[in-house]
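Just below is one structure, and these are the notes that go with it.
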Amino acid sequence: MLQHIRNPALAGASRAIGQSPDDIYQSALAHSARVRKLKIFLPISAAIISAAFIGVAIVRAYLPENLSIESARIENGKIVMERPAISGRNSDGISYSMIANRALQDIQNPNMISLENVKAAVPINDEVVARVTAAGADFDRGADKLDLTKPFDVNLSNGITARFQSARLDIPGGLMDTPDPVKISMDAGSIVANSLKITDKGHTITLIGKVQVDLDPARIRNQGK
Amino acid sequence: QTTSSKMEGLKLSNDAPIQIQSDQLEIKDQEKRAFFTGNVQVVQGTTTMKAGKMTVLYKGEGASVTSGSTDIDKIFLDDTVFLTSGTQQATAEKGEFDMTSQTFVLSGKQVVLSEGANVFRGCKLTVQMATGQAKLDSCGGRVEIMLDPKSRPKQ
Chain R
379 MLQHIRNPAL
389 AGASRAIGQS
399 PDDIYQSALA
409 HSARVRKLKI
419 FLPISAAIIS
429 AAFIGVAIVR
439 AYLPENLSIE
449 SARIENGKIV
459 MERPAISGRN
469 SDGISYSMIA
479 NRALQDIQNP
489 NMISLENVKA
499 AVPINDEVVA
509 RVTAAGADFD
519 RGADKLDLTK
529 PFDVNLSNGI
539 TARFQSARLD
549 IPGGLMDTPD
559 PVKISMDAGS
569 IVANSLKITD
579 KGHTITLIGK
589 VQVDLDPARI
599 RNQGK
Chain S
630 QTTSSKMEGL
640 KLSNDAPIQI
650 QSDQLEIKDQ
660 EKRAFFTGNV
670 QVVQGTTTMK
680 AGKMTVLYKG
690 EGASVTSGST
700 DIDKIFLDDT
710 VFLTSGTQQA
720 TAEKGEFDMT
730 SQTFVLSGKQ
740 VVLSEGANVF
750 RGCKLTVQMA
760 TGQAKLDSCG
770 GRVEIMLDPK
780 SRPKQ
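Protein sequences appear in the order of chains R and S.
Quick note, our numbering runs 378 ahead of the 1-based positions in the first sequence.
Quick note, our numbering runs 629 ahead of the 1-based positions in the second sequence.
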């Protein structure tokens with residue numbers, strides 16, 4: 379019985395504005411076509427915009443307070459951040475800073491950020507600051523692990539420099555290890571080895587494989603004067 | 630009973646560069662110790678020293694390998710120590726360098742000091758690093774000396 383009730387008000391309204399029934403039909407068709415198109419484009423753009431927002435929000439949420447990015451854009455499934463600069467304080471209250479030319483964050487897996495041309499400064503104790511320059515690094519924010527895949531240098535402000543071929547850093551655990559040769563040089567000598575492991579927040583350094591230490595006592599003694 | 634001779638090479642106070650090699654080196658910054666383990670070899674000028682393990686104690690406030698200014702306090706050598714210095718050789722079970730008193734002591738059940746063909750046996754060899762003066766003690770037993778007549782100094 380319900381099906382037969384015609385809606386007299388709707389029928390009456392269209393006649394009132396003087397359109398012929400087929401005009402009305404045409405405009406309805408066009409309207410629904412528009413709706414159909416929007417129905418597709420709107421979600422896509424919404425997804426992309428929200429992805430960018432989510433990405434940046436996640437990055438900001440995970441990364442310490444001040445993260446400045448020159449610009450961010452999305453390129454083939456990755457958020458590309460130009461010249462990201464990150465600084466903050468780690469758990470021991472020591473402030474650190476890191477800048478990179480570019481950071482690429484995977485949209486599907488926002489935890490994975492790959493950095494290009496990284497420069498970082500981390501104070502080791504109140505007198506010594508370590509400066510790291512690396513061509514490339516992959517940062518896994520989920521596990522707070524930094525994987526330095528290309529050779530890099532660590533320069534300590536007291537004149538000690540260390541050249542690594544690669545390294546894996548477990549930041550919260552304060553661990554670092556590299557299966558590749560490493561050379562540590564100071565003005566009084568140098569230490570080379572086939573591999574190196576740093577544990578308990580930098581207080582234990584283990585060099586393994588063909589360790590060779592060259593010391594120049596004259597320089598050590600002059601330092602003493 | 631002691632016998633003494635001079636170990637020129639052991640005057641470590643000279644400034645010739647030192648080279649240390651080993652299979653592994655572990656630096657424990659908080660304990661201020663560095664452990665060289667596995668085929669440890671230390672070379673300085675004409676003196677070469679080999680041991681299974683070498684432990685270096687360094688001192689100085691905040692002085693750690695990372696801060697570069699390390700002062701060595703003591704060095705312990707373990708797992709058979711072998712020392713050659715110029716024409717002299719010494720073997721023992723253990724060795725200890727004490728930088729403050731500038732003395733180096735080799736000890737063990739059998740400490741053998743040989744100079745050319747002359748061989749001295751005892752249980753403790755003490756060397757004053759400043760002068761190279763070496764003193765071999767027999768700790769109660771007899772110091773065995775085998776002198777090679779040919780090595781008698783010509784009058």
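Even glycine gets a Cβ: it sits at the ideal position worked out from N, Cα and C.
Exclusion of the five residues before and after V672 of chain S leaves Q648 as the residues of its chain whose Cβ lies within less than 6 Å of its Cβ. Under the DSSP assignment, E655 of chain S falls in the beta strand (DSSP E) whose first and last residues are 647 to 657. From the beta-carbon of K657 of chain S, the residues of chain R found nearer than 8 Å are H581, T582. If you ignore the 5 residues before and after L482 of chain R, its C-beta comes within less than 6 Å of the C-beta of K456, V458, S492, all in its own chain and listed in chain order. DSSP places K661 of chain S in no beta strand (DSSP E); its state is neither H nor E.
The residues G567, S568, I569, in chain order, have a CB closer than 8 Å to that of V591 of chain R in the same chain once the five nearest residues on each side in sequence are set aside.
With a 10 Å radius around the Cβ and a threshold of 16 neighbouring Cβ atoms, G520 of chain R comes out exposed. Annotated as distal: L712 of chain S and M683 of chain S, with beta-carbon spacing of 8 Å or more.
The Cβ-Cβ distance between F542 of chain R and T556 of chain R falls below 8 Å. Nearest to I656 of chain S by alpha-carbon distance, out of R:P595, R:D578, R:A596, R:D594, is R:D578. Boundaries for R519 of chain R: no beta strand (DSSP E) harbours it, and the DSSP string shows neither H nor E there. Contact between V740 of chain S and A721 of chain S holds, since their C-beta atoms are separated by about 4 Å, short of 8 Å. Under a 10 Å Cβ-count criterion, S651 of chain S is classified as buried, with 16 or more other Cβ atoms of the shown protein chains found around its own Cβ. For V510 of chain R, no Cβ of chain S is located within less than 8 Å of the residue's own Cβ. Taking C-alpha positions only, A450 of chain R is separated from P462 of chain R by approximately 9 Å. Membership of V740 of chain S in the beta strand (DSSP E) is indicated by the continuous run 732 to 744. The Cβ neighbour count for C752 of chain S, taken over all protein chains shown within 10 Å, is at least 16; the residue is labelled buried. In terms of beta-carbon proximity, D652 of chain S lines the interface with chain R, with at least one pair separated by less than 8 Å. Counting other Cβ atoms within 10 Å of its Cβ, P488 of chain R reaches 16 or more and is therefore classed as buried. Interface annotation for the segment 583 to 596 of chain R against chain S: I583, T584, L585, I586, G587, K588, V589, Q590, V591, D592, L593, D594, P595, A596, criterion Cβ-Cβ distance under 9 Å. In the DSSP assignment, Q483 of chain R falls within the unbroken beta strand (DSSP E) covering 473 to 484. Linking A512 of chain R to E448 of chain R through their CA atoms gives a straight-line distance of about 20 Å. Identification of chain R residues near Q648 of chain S by a Cβ-Cβ cut-off of 8 Å yields Q590, V591, D592, L593, ordered along the chain.
Neighbours of A571 of chain R in chain S, taken as residues at a C-beta separation under 9 Å, are given in chain order as Q653, L654.
Here V507 of chain R has A499, V500, P501, L534, S535 as same chain residues with Cβ atoms under 8 Å from its own Cβ, once five neighbours each way along the sequence are excluded. In this structure, A596 of chain R lies away from D708 of chain S, with their beta-carbon atoms at least 8 Å apart. Per the DSSP secondary-structure output, K528 of chain R pairs with nothing in a beta bridge.
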